[in-house]
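Asker: Pasting a structure below so you can have a look.
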Amino acid sequence: MQDPWTIDTFHITLRLVLALLLGGVIGFERERSSRAAGLRTHILVCLGSTLVMLLSMYGFADFARLDNVRLDPARLAAQVISGIGFLGAGTILYTGKSITGLTTAASLWVVAAMGLAIGAGFYYAAGLACFFALISLFVLNLVEKRYMHHRKVRSLKLEAADIPSLLGRVTQLLGSKGCDIQKLSVEEAPVDADEAARILITLSVRLSKGAKVSEMIEELLRLEGVRSVSLD
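Numbered by the numbering used here, the letters in the sequence shown go through residues -11 to 220 in order.
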């Protein structure tokens, strides 16, 4: 009967290579999306958690043979789950109007769990988790962009001359395009002493289904006094 506290070099290599491949697959998807944590980060997280799991299960084999020593392979693994939160938090950015990086932070947490599963020898579970994670990150992302992205609140900014009735014409144009204005603010733009007064108009809008953003921006630019338009 094989000693449960020992492992050969073949299986160590197999588990680390599998961690590199599965972590790299998810990292590649994040890299393609230009996220803060990309290919190398996901590979390193998966490799590191796999190594910690191998160490937790097999790194103390000499102590396992002592009568007064009891080993708990889950202790080091629990520290990985706790510690990955610090790395994930580093990928979350708050820009003042929105929070980005939550999906990447979640993918790092999943990759860490995959590494622990690979280190423990649960190859099927790690592979299936990788498959489902890719569905969530890639396939569902395409679905979200196609069917739900237009309903998200977007930030529309206009720089324009300070002329009467401009704000009314802007809101009327957006209303005709089916846009739902959630929030609106107007402030004076900094100008030189010899320049005419300008204002900055910021609107939080929910675009209508099938809205043609390029055409809407062109029509806004054609309004008298509007100098620039940007949509985040």
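Using N, Cα and C, we set each Cβ at its ideal position, and we do this for glycine too.
Quick check on this structure: which residue in Lys165, Trp97 and Ala65 has the alpha carbon closest to the alpha carbon of Phe74?
Answerer: Trp97
Asker: Under 8 angstroms, with one C-beta from each stretch per pair, do the region 27 to 38 and the region 6 to 19 reach the 3-pair mark?
Answerer: By the C-beta criterion, the region 27 to 38 is judged to be in contact with the region 6 to 19, since at least 3 inter-stretch pairs fall below 8 angstroms.
Asker: Could you pull out every residue in the same chain whose Cβ sits closer than 6 angstroms to the Cβ of Leu248, ignoring the five residues on either side in sequence?
Answerer: Because residue 248 is not part of the residues shown, which for the chain are -11 to 220, the question remains open.
Asker: Tell me the start and end of each unbroken beta strand (DSSP E) in the region 147 to 188 that is at least 3 residues and wholly inside, in chain order.
Answerer: 168 to 176
Asker: Going by DSSP in three states, Leu195 sits in which element: helix, strand or coil?
Answerer: Reduced to three states, the DSSP call for Leu195 is coil.
Asker: Could you check what DSSP says for Leu6 in three-state terms: helix, strand or coil?
Answerer: helix
Asker: Classify Ser153: buried if its beta carbon has 16 or more other beta carbons within 10 angstroms, exposed otherwise.
Answerer: exposed
Asker: Would you call the region 191 to 203 in contact with the region 162 to 180, where contact means no fewer than 3 C-beta pairs closer than 8 angstroms?
Answerer: yes
Asker: Per the DSSP calculation, Arg142 is bridged to which residue(s)?
Answerer: Val193
Asker: From the DSSP output, read off the bridge partner residues of Ser216.
Answerer: Glu147
Asker: To the nearest angstrom, how far is the alpha carbon of Ala101 from that of Leu191?
Answerer: 41 angstroms
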